[in-house]
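Following: one structure in structure tokens, then a few remarks.
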Amino acid sequence: MADPRALASRLFQDVMAPMVLGGPVRPGHAIGARAAQELAPAADAIDAELADSVQTGRVRRARRLAPIDSLEPASAAEWVLMAALHDVLQSTNPSFDSPLRRGAAARILDLALQTLERVPPAAHVGEALSRHSWLARLFELSRTDTDVSWWTGSRTFRGVAPPARLQAWPELRRVTVVATPRPLLELTPLAVDRDKLVGAVARMLERSPLTDLATCTRAAPAFAWQRTTMALVATRAGRTLVLRSLQRLSGAEVDTVLGKATRALLAGKGASSEPALALLGERALAAAQGASASSSPSNPEAEFARGLGAVCATHLLGERGWPEAERARLLAALGPVSASPAAREASALLPADP
Amino acid sequence: MLERIALHQTRLHTPGLGLDSKGVALGAKGLVLLPSIDRLVAFLAVYTRERSLEDLMPSLTMNVVRSKLGTREITLEVAAESSDRMDRIAETARLVGGMAFTGTSRHFVQYRDAAAPFGYDATELLATDAALLLYHDRFSQTYDVERALELRALLLRLMPHVDPSTRLEPGLRLVVAEQGLGAALVHYLVRSRVEGEVGIAEWPPDSAFDDYPVRRWLLRIPEVPERMRDLLHATPGITSFVPAGPGAAVEAGYRHPVELRACPVFDAAGVVLVRGRGDEPWVIPRLPPMGPLTAFARVELRTSPREAAVATRVEAAETVRVPLRVTPSSAPWRNVTATWIEPAQLPLLRRLAYALPRPTITRATVAMTERGAFLRSGGGIEAIPLGTFFVEVHPNLYVPAGYEVTPAVAPEVLARALGAPPGQVLFLGTDAHAVAVDEAAFVPLEAALLDAPPWTTAVAEEIDRALDDAPLGLEVSSIGMLPLRGVEPSPDRNG
């Protein structure tokens with residue numbers, strides 16, 4: 000097994016720091032579940048100056064959601080989480096896409112999933128925010144594939160810059176260079192099963208519920224209410240962070256995603272849906288206060304979410320001690336939405352006492 | 000043996016002898032018989048004084064001939080072509096003590112003279128195998144050719160005569176300097192702004208014991224300044240040559256007995272340098288590549304390169320022969336219109352600015368340099384009691400008050416010697432070093448006092464753009480030969 004200190008230094012420099020500060024993410028030799036658990040004690044091997052920059056970047060990221068001035072350095076769980084991310088990224092290495100190597104990529108992805116299993120769920124809102132500061136830009140990751148063609152041939156460079164010699168004398172050799180950024184889950188060729196890769200990313204998001212919600216409008220993996228995300232929005236502080244993070248996304252898309260996920264949640268009847276309903280209700284109230292509700296084009300899922308939110312908001316207005324004038328104004332704003340067919344459909348799905 | 004040819008005579012006895020259009024007896028060749036080499040040289044010297052040998056060269060042959068009695072004489076043969084040419088040759092031969100003949104192959108009869116205007120004809124030819132048979136009214140003689148004489152070799156063997164007047168001749172000079180002197184001579188000529196070209200010529204070693212060829216500097220100077228003539232003529236190791244024709248030059252102070260300009264025997268692509276004192280000539284078959292003198296000027300680098308500054312010292316030492324000195328003077332102060340405030344005293348100036356009267360501030364101008372502030376005020380600078388006061392001795396030239404310049408040259412001369420370009424204000428320090436300040440740098444003191452502190456342009460950006468994160472990129476690295484080496488599952492799984 001590699002030296003944990005060297006491994007920690009490499010992981011921090013090549014993956015963790017770029018995930019916060021930006022720049023090239025360079026996954027290297029796979030880490031594995033066993034080594035991942037030994038990284039946290041070796042964290043003192045990382046470059047102190049780089050660590051300071053990363054901490055500053057994490058605080059900056061966190062301050063978009065909460066007015067905090069400091070974050071703890073990476074915890075043991077976060078080291079393991081980032082090691083798992085490293086291995087997931089390494090499993091997408093196009094060099095594995097050959098007959099004798101695909102098995103290695105699948106093995107690495109399996110080990111990454113094993114590693115993720117060693118990461119406990121976020122115990123409190125602060126931990127969720129801390130993990131989010133590492134993974135907030137997960138879906139910004141993309142690999143640049145460059146197609147270079149010249150008068151006698153062409154070649155594709157995946158994730159590496161084409162050599163200058165191939166781009167020399169561009170006019171004489173009629174060189175054409177086309178760089179195409181490919182998001183993480185759209186990489187091709189892929190040596191591992193794409194669904195399995197998506198599942199690994201979903202498992203990772205499960206370990207960072209705030210990231211899961213803050214990126215709910217992503218294409219894949221599709222957002223669905225999980226135990227961890229429900230636990231986050233069940234708390235007042237967690238719900239506030241989630242509402243602030245959702246404000247940074249397109250309102251219509253968020254409504255669509257949350258409507259679909261909440262409809263599935265309500266249809267499942269297996270778990271308490273109260274935190275999700277509270278989130279929708281508070282979103283509806285916020286929209287009513289801002290008088291911007293339902294201003295964007297909608298679809299059935301979004302109308303469902305808005306209607307459900309309006310119903311829940313109406314319920315909230317009845318329970319809490321709102322000033323009478325304010326309550327009347329909000330009820331008037333929510334009235335059209337709560338009376339819509341989507342709201343009636345949502346009401347039918349609600350438990351007896353939401 | 001000879002008889003005079005009469006008018007309208009058509010029949011001649013001598014083979015190869017004919018009559019030209021004037022009726023003069025003329026063979027294909029003309030021949031001059033000279034008693035000795037020095038007569039030959041005299042003949043060439045006289046002939047070339049007025050005419051060129053160029054038209055004679057194709058047919059010119061010179062031989063040492065020997066008579067039956069064993070006496071050696073010199074013959075010079077040329078193509079006769081016309082009686083005009085032969086007349087000139089015969090007159091010249093007579094002048095130097097020679098005799099002119101004409102003929103075609105072996106039999107040559109005396110060329111015409113005053114006694115026989117149409118020439119002579121030999122009535123009785125000698126029957127002999129001799130190479131040359133000459134018929135004169137006083138003798139008939141046969142000769143055998145002993146050896147040929149080369150004109151070029153003859154010219155090079157002749158020692159030039161001493162003639163100091165050639166040193167005074169104006170015009171081009173070829174100067175040959177020994178290797179050790181060449182660089183210094185070139186530097187001297189460059190420094191004296193003498194135009195010319197310089198190259199290096201090589202000669203074979205003087206002896207077999209020398210490993211290296213002899214190299215000498217060859218300079219071509221179109222016009223040597225009169226003051227340098229003695230240097231070039233009298234310095235051992237430097238030899239000056241006066242061009243004496245295409246491809247030939249004679250050492251200054253000497254003159255070649257023959258006018259070399261009329262002897263086209265030297266290749267114009269090279270040069271033959273004829274030296275005096277009996278020294279062998281220097282022959283350069285092909286002129287070496289020559290470059291302008293300035294290209295060989297000595298290159299000197301400053302040992303302590305200084306950064307560019309607003310105020311720079313004027314390099315006056317090169318143009319002033321005597322080092323300039325600034326010495327204290329008891330003369331009364333006049334026209335004190337500038338002061339130099341060193342950086343250490345600038346805080347005092349700032350403090351003093353609050354106390355200065357408005358007229359003083361209005362009149363004064365200031366230039367801020369890294370050496371301090373230079374203040375000028377046409378009405379007098381005494382109102383600002385700071386720094387070193389300066390007297391304006393010449394427009395834009397200041398000397399410390401209470402000092403004077405030695406040698407006591409006129410201010411105009413001093414300004415010219417310092418050589419400051421227009422638009423520069425010179426301040427001469429007590430150490431005789433000058434500081435030049437661009438006149439444009441002087442701004443009104445009141446404006447300088449109220450100048451805002453230095454500011455920099457701040458480019459306003461949108462806050463979102465300023466907070467933008469650097470883009471994330473996934474880069475691919477090599478997976479190695481064993482991508483799973485050391486990659487292990489978690490311990491509890493293994494166990």
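For the record, the sequence lines run as chains A and B. Residues in the first sequence are numbered consecutively from 0, following numbering that gives the first Met the number 0. Residues in the second sequence are numbered consecutively from 0, following numbering that gives the first Met the number 0. Where a beta carbon is used, it is the ideal one built from N, C-alpha and C, also for glycine. Fair warning: this is a prediction, and the values are worked out from it, not measured in the lab.
The C-beta of K259 (chain A) has 16 or more other C-beta atoms within 10 Å across all chains shown, which makes the residue buried. Boundaries of the alpha helix (DSSP H) around A32 (chain A): A32 to A35.
Annotation note: the stretch 239 to 320 of chain A contains the following uninterrupted alpha helix (DSSP H) runs of length 4 or greater, listed N- to C-terminal: 250 to 267, 273 to 289 and 299 to 318.
If you look at Y142 (chain B), you'll find it isn't in any alpha helix (DSSP H); it sits in the beta strand (DSSP E) that goes S139 to L148. Not a single CB atom of chain B sits nearer than 8 angstroms to the CB of L70 (chain A). At least one CB of chain B lies nearer than 8 angstroms to the CB of Q113 (chain A). In the DSSP secondary-structure assignment, S339 (chain A) is not bridged to any residue. In the DSSP annotation of this structure, the continuous segment of the alpha helix (DSSP H) that includes K195 (chain A) starts and ends at R193 to R206. Interface annotation for the stretch 146 to 161 of chain A against chain B: R157, G158 and V159, criterion Cβ-Cβ distance under 8 angstroms. Annotation for V197 (chain B): the continuous beta strand (DSSP E) segment containing it runs E196 to W202. Just so you know, the alpha carbons of I67 (chain A) and T216 (chain A) end up roughly 26 angstroms apart.
Within its own chain, the residues whose Cβ lies closer than 6 angstroms to the Cβ of A44 (chain A), once the five positions on either side in sequence are excluded, are R4, A7 and S8, listed in chain order.
Ranked by Cα distance from V175 (chain B), the options B:H232, B:R87 and B:A372 are led by B:H232.
Rounded to whole angstroms, A130 (chain B) and S104 (chain B) show a C-alpha spacing of 9 angstroms. When DSSP states are grouped into helix, strand and coil, P182 (chain A) belongs to the strand group. Within chain A, the residues whose beta carbon sits less than 8 angstroms from that of G479 (chain B) are H28, listed in sequence order.
By the neighbour-count criterion, in which a residue is buried when 16 or more other Cβ atoms sit within 10 angstroms of its Cβ, M98 (chain B) is buried. When DSSP assignments are scanned along the stretch 21 to 95 of chain A, the uninterrupted stretches of beta strand (DSSP E) that are 3 or more residues long and fall wholly within it turn out to be 22 to 24. In the same chain as D211 (chain A), and ignoring 5 residues on each side of it, the C-beta atoms closer than 6 angstroms to its own belong to L204 and T228, in chain order. Looking at A:V253, A:H314 and A:A50, the one whose alpha-carbon comes closest to that of L330 (chain A) is A:H314.
Among the residues facing chain B, E139 (chain A) is included, as its CB has a counterpart in that chain under 8 angstroms away. Taking a cut-off of 8 angstroms for Cβ pairs, the stretch 164 to 174 of chain B and the stretch 29 to 49 of chain B do not touch, as fewer than three such pairs fall below it. Residues of chain B with a Cβ closer than 9 angstroms to the Cβ of A34 (chain A) are, in chain order, G485, V486 and E487.
Under the 8 angstroms criterion on CB atoms, I107 (chain A) is classed as interfacial with respect to chain B. Ranked by how close their Cα comes to the Cα of P203 (chain B), the residues B:E196, B:V197, B:G195 and B:V213 have B:V213 in first place. Secondary structure of D83 (chain B) (DSSP, three-state): helix.
Using beta-carbon distances, E196 (chain B) does not count as an interface residue toward chain A, since no partner is under 8 angstroms. For the C-beta of R142 (chain A), the chain B residues within less than 8 angstroms are, from N- to C-terminus, G472, L473, E474 and V475. Nearest to P284 (chain B) by C-alpha distance, out of B:T336, B:A247 and B:V257, is B:A247. P188 (chain A) is outside the set of residues whose beta carbon lies under 8 angstroms from a beta carbon in chain B.
Collapsing the DSSP output to three states places Y353 (chain B) in coil.
Among the CB atoms of chain A, one or more fall inside 8 angstroms of the CB of D468 (chain B).
In this structure, F117 (chain B) places its C-beta atom within 8 angstroms of the C-beta atom of A24 (chain B). With a threshold of 8 angstroms between beta carbons, F11 (chain A) makes no contact with chain B. Excluding sequence positions up to five before and after P410 (chain B), its CB lies within less than 7 angstroms of the CB of V392, H393 and L396, all in the same chain and listed in chain order. Closer than 8 angstroms at the C-beta level to chain B, one finds these residues of the stretch 14 to 27 of chain A: P17, M18, L20, G21, G22, P23, V24, R25, P26 and G27.
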